[in-house]
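Residue numbers (the UniProt record's numbering): 1 to 574.
Working notes, beginning with the structure itself.
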């Protein structure tokens with residue numbers, strides 16, 4: 001796109017504005033318009049001040065007038081303190097952060113004149129700087145970073161000046177960046193900058209509180225060794241002067257904290273200083289989500305829906321999972337799954353476990369590579385059902401009726417809440433549901449009511465099929481296929497039902513126990529994001545209390561099966 005060809009009126013206005021400015025002021029000279037690289041419209045000019053002539057070039061941006069022009073010195077000099085390095089752009093009053101399309105090139109030239117005049121007027125006030133650097137901008141190009149939490153910073157400040165002691169260091173390499181943090185001081189291990197349990201290297205380092213007035217050393221072998229010698233730390237000085245070996249040194253003064261490192265690179269020992277990033281530890285979840293760390297969730301099905309659901313619950317704070325799935329992940333699953341390409345060939349449940357560790361660090365995940373409701377041994381099926389019974393919440397993310405039967409049986413027998421959902425064929429929408437004993441009917445009755453509700457609309461419900469659960473036939477040659485975004489939407493609703501039942505088991509935020517959510521105009525949905533609540537009849541407890549006669553009957557059966565265990569001790573006394 002060449003803006004001045006598409007908008008010649010604005011281009012002429014820009015040229016006329018600069019010409020008018022040159023006629024009006026005496027300090028603007030040598031105006032010459034031309035096309036620079038890429039057919040960008042540019043203008044050369046000189047600003048005269050106090051006998052000097054400053055040559056500048058203003059180049060209009062490709063997206064002008066929606067982004068500001070670039071003004072820089074033609075001779076590549078360091079012209080101003082308000083400049084992005086030698087030969088770089090001048091930081092003027094009009095920038096990307098306050099740009100409006102009404103600002104013209106003539107106004108940019110006037111701003112450049114005010115900058116030059118203001119900085120060269122030795123008797124005038126110092127020009128204010130409006131350059132605010134974000135954290136991300138400040139660390140661009142820094143690939144060795146030191147993350148320091150407030151807790152660790154306070155502990156370092158509490159050290160007596162001149163004191164040295166051993167500390168625990170964790171280092172990780174991710175996205176071409178080395179990051180280190182303190183993980184232990186004097187046996188205390190809280191205050192880490194990231195969760196324990198992720199892939200990291202742990203090692204020992206030294207922390208030193210510098211005496212008052214002692215400056216940070218240069219990040220060189222000699223600079224560090226000289227400081228250690230001046231502090232009387234001979235052994236550390238010798239370690240710094242060694243020809244090879246890693247070294248981690250954290251120095252704390254009254255005003256700053258720094259991490260210095262050494263490592264071997266071939267035949268050379270490299271010394272450096274990490275870029276400090278202070279970590280603000282704040283809770284960004286609702287207060288009642290603190291309960292989730294003590295809850296266990298069983299998820300049956302670690303495919304597209306289940307993998308996303310597990311990741312969402314881990315981010316919400318759940319730290320105990322039982323994952324059930326016998327399937328293997330392949331590259332074709334990448335289009336709708338939480339997992340990445342590295343998981344190809346791995347059991348989905350194992351890969352999801354690794355993903356949860358990557359998200360939350362230390363986490364309790366039990367993996368069962370079993371097809372619940374499939375051709376498995378009775379022992380395996382019974383063992384998985386027992387594991388699910390121990391969970392606080394059971395979730396069926398398989399969209400498989402046989403699997404649902406087993407999940408429903410466990411939920412009913414253990415009186416544990418059950419959440420389930422599926423993405424409708426073709427991604428036209430989805431279904432999410434939740435049942436609790438004493439609030440909604442038992443799971444099988446609830447599912448039957450939901451199926452009846454779907455069928456009552458006169459059009460067959462697009463429930464997921466087993467052969468191609470995310471596809472649906474259309475009148476055209478190409479079938480509708482659900483994409484990752486559509487699966488993620490249903491997974492998000494399902495996760496929200498799960499967190500609700502775990503944090504508010506008796507006082508749900510949801511007025512209905514089930515919802516049909518539309519994502520396309522199809523079936524009963526008149527438009528995307530249309531939601532239909534589904535009411536369920538019945539709220540009695542799923543299991544009646546055992547009456548005395550039933551208890552006596554059970555005891556009699558037990559006596560028949562284990563006669564030696566009783567030996568008459570269960571008989572009433574006379």
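Glycine included, each C-beta is placed from N, C-alpha and C at the ideal position.
Predicted model only: the values in this text are computed from it and were never measured.
Exercise for the section: Apply the 10 Å Cβ neighbour rule to residue 255 and answer buried if 16 or more other Cβ atoms are within range, or exposed otherwise. Expected result: The residue labelled residue 255 in the question sits at position 255 within the chain shown. So residue 255 counts as exposed.
Practice task
Could you give the DSSP three-state label for residue 281: helix, strand or coil?
Solution key: Walking along the chain shown from the start, residue 281 turns up at place 281. If DSSP states are grouped into helix, strand and coil, residue 281 belongs with coil.
Practice task
Mind checking which residues open and close the beta strand (DSSP E) that includes residue 206?
Solution key: Along the chain shown, one-based indexing puts residue 206 at 206. Residues 201-209.
Exercise for the section: Count the CB pairs spanning the stretch 67-78 and the stretch 133-153 that are closer than 8 Å, and state whether there are at least three. Expected result: no
Problem - Whole-angstrom distance between residue 176 and residue 577, CA atom to CA atom - result: Beyond the ends of the chain as shown, which are 1 and 574, falls residue 577; an answer cannot be given.
Exercise for the section: Flag this pair as touching only if the stretch 244-255 and the stretch 196-215 have three or more C-beta atom pairs under 8 Å; answer yes or no. Expected result: yes
Handout entry: At least 3 beta-carbon pairs within less than 8 Å: the stretch 287-302 vs the stretch 265-273
Key = no
Exercise for the section: Report, in whole angstroms, the separation of the C-beta atoms of residue 316 and residue 363, which I expect to be a contact under 8 Å. Expected result: Here residue 316 is taken as the residue at index 316 of the chain shown, counted from 1. Here residue 363 is taken as the residue at index 363 of the chain shown, counted from 1. Their Cβ separation, rounded to whole angstroms, is 13 Å, which puts residue 316 and residue 363 out of contact at 8 Å.
Handout entry: Beta carbon of residue 443 nearer than 8 Å to that of residue 418
Key = Translated into the one-based positions of the chain shown, residue 443 becomes position 443. Translated into the one-based positions of the chain shown, residue 418 becomes position 418. Going by C-beta atoms, residue 443 is nearer than 8 Å to residue 418.
Problem - Touch test, the stretch 340-351 against the stretch 377-391, Cβ-Cβ under 8 Å, three pairs minimum - result: no
Exercise for the section: Please determine, among 203, 199 and 223, the residue with the shortest C-alpha to C-alpha distance to residue 184. Expected result: To locate residue 184, count along the chain shown from 1; it is residue 184. Per the Cα distances, 203.
Exercise for the section: Just tell me which of 305, 379 and 338 has its CA closest to the CA of residue 399. Expected result: Counting from one through the chain shown, the residue named residue 399 turns up at place 399. When only C-alpha atoms are compared, the closest one is 305.
Practice task
Please determine, among 196, 180 and 54, the residue with the shortest C-alpha to C-alpha distance to residue 361.
Solution key: Counting from 1 along the chain shown, the entry for residue 361 is found at position 361. When each option's Cα is compared against that of residue 361, the closest is 196.
Exercise for the section: Out of 119, 491 and 26, state which residue places its alpha-carbon closest to the alpha-carbon of residue 430. Expected result: Against the chain shown, residue 430 aligns to sequence position 430. With distances taken between Cα atoms, residue 430 lies closest to 491.
Exercise for the section: Kindly confirm or deny that the stretch 421-429 and the stretch 521-539 touch, where touching means at least three C-beta pairs closer than 8 Å. Expected result: yes
Exercise for the section: Would you mind sorting residue 368 into buried or exposed? The rule is 16 or more other CB atoms within 10 Å of its CB. Expected result: Your numbering for residue 368 matches position 368 in the chain shown. Looking at its Cβ environment, which holds 16 or more other Cβ atoms inside 10 Å, residue 368 is buried.
Practice task
Specify whether the stretch 105-122 and the stretch 147-159 touch according to this definition: at least 3 beta carbon pairs, one from each stretch, less than 8 Å apart.
Solution key: no
Exercise for the section: Just tell me which of 173, 217 and 220 has its CA closest to the CA of residue 198. Expected result: Position 198 of the chain shown, counting from 1, holds the residue named residue 198. Measuring from the Cα of residue 198, the nearest candidate turns out to be 173.
Exercise for the section: Tell whether a beta-carbon distance below 8 Å holds between residue 277 and residue 302. Expected result: As a working note, residue 277 is residue 277 in the chain shown. As a working note, residue 302 is residue 302 in the chain shown. For residue 277 and residue 302, no; Cβs fall outside 8 Å.
Practice task
Check residue 429 in the structure and name its three-state DSSP category.
Solution key: Indexing the chain shown from 1 puts residue 429 at position 429. If DSSP states are grouped into helix, strand and coil, residue 429 belongs with the strands.
Exercise for the section: Assign residue 561 to buried or exposed, taking buried as 16 or more other Cβ atoms, counted over all protein chains shown, within 10 Å of its Cβ. Expected result: Residue mapping note: residue 561 aligns to position 561 of the chain shown, counting from 1. Exposed, since its Cβ has fewer than 16 Cβ neighbours within 10 Å.
Practice task
Can you have a look at residue 275 and say buried or exposed, based on whether 16 or more other CB atoms are within 10 angstroms of its CB?
Solution key: Start at 1 with the first residue of the chain shown, and residue 275 comes out as number 275. Label assigned to residue 275: buried.
Practice task
Starting from the C-beta of residue 228, find all residues in its chain whose C-beta is less than 7 Å away, skip the five residues before and the five after it, and write them out in chain order.
Solution key: Numbered from 1 along the chain shown, position 228 holds the residue referred to as residue 228. For residue 228, where only same-chain residues beyond five positions count, the Cβ hits under 7 Å are 236, 237 and 240.
Handout entry: C-beta contact flag for residue 244 and residue 264 at 8 Å
Key = Along the chain shown, one-based indexing puts residue 244 at 244. Along the chain shown, one-based indexing puts residue 264 at 264. Yes, Cβ-Cβ distance for residue 244 and residue 264 is below 8 Å.
Practice task
Helix, strand or coil for residue 44, going by three-state DSSP, please let me know.
Solution key: For this step, residue 44 is matched to residue 44 along the chain shown. Three-state DSSP puts residue 44 in a strand.
Handout entry: Same chain, Cβ closer than 6 Å to residue 79, five either side skipped, listed in chain order
Key = Start at 1 with the first residue of the chain shown, and residue 79 comes out as number 79. 73, listed in sequence order.
Handout entry: Alpha carbon of residue 487 to alpha carbon of residue 357, nearest angstrom
Key = Here residue 487 refers to the residue found at position 487 of the chain shown. Here residue 357 refers to the residue found at position 357 of the chain shown. Taking the straight line from one Cα to the other gives about 22 Å.
Exercise for the section: Label residue 190 either buried or exposed according to how many other C-beta atoms from any shown protein chain fall within 10 Å of its C-beta, with 16 as the threshold for buried. Expected result: Here residue 190 is taken as the residue at index 190 of the chain shown, counted from 1. When all chains shown are included, residue 190 counts as exposed.
Practice task
Compute the Euclidean distance between the alpha carbons of residue 518 and residue 432, then round it to the nearest angstrom.
Solution key: Along the chain shown, read from residue 1 onward, the residue named residue 518 stands at position 518. Along the chain shown, read from residue 1 onward, the residue named residue 432 stands at position 432. For residue 518 and residue 432, the distance between alpha carbons rounds to 12 Å.
Exercise for the section: Could you check the C-alpha separation between residue 164 and residue 311 for me, to the nearest Å? Expected result: Residue mapping note: residue 164 aligns to position 164 of the chain shown, counting from 1. Residue mapping note: residue 311 aligns to position 311 of the chain shown, counting from 1. Taking the straight line from one Cα to the other gives about 42 Å.
Exercise for the section: Quick one: measure Cβ to Cβ for residue 167 and residue 113, integer angstroms, because I've assumed they're closer than 8 Å. Expected result: Walking along the chain shown from the start, residue 167 turns up at place 167. Walking along the chain shown from the start, residue 113 turns up at place 113. Not quite, the Cβ-Cβ distance comes to about 54 Å (not below 8 Å), so this is no contact.
Handout entry: Where the alpha helix (DSSP H) through residue 9 begins and ends
Key = By one-based count along the chain shown, residue 9 stands at place 9. Run containing residue 9: 8-24, per the alpha helix (DSSP H) assignment.
Practice task
List the endpoints of the continuous alpha helix (DSSP H) containing residue 580.
Solution key: What is shown of the chain runs 1 to 574, which leaves residue 580 out entirely.
Practice task
Starting from the C-beta of residue 89, find all residues in its chain whose C-beta is less than 8 Å away, skip the five residues before and the five after it, and write them out in chain order.
Solution key: Here the question's residue 89 lines up with position 89 in the chain shown. Excluding sequence neighbours, residue 89 sits near 70, 71, 72 and 83.
Handout entry: Proximity of residue 351 and residue 329 at Cβ, strictly below 8 Å
Key = If you number the chain shown from 1, residue 351 lands on position 351. If you number the chain shown from 1, residue 329 lands on position 329. Yes, the pair counts as a contact, with Cβ atoms nearer than the cut-off.
Exercise for the section: Starting from residue 1, follow the beta strand (DSSP E) in both directions and report where the run begins and ends. Expected result: Here residue 1 refers to the residue found at position 1 when the chain shown is read from its first residue. No beta strand (DSSP E) contains residue 1, which DSSP labels as neither H nor E.
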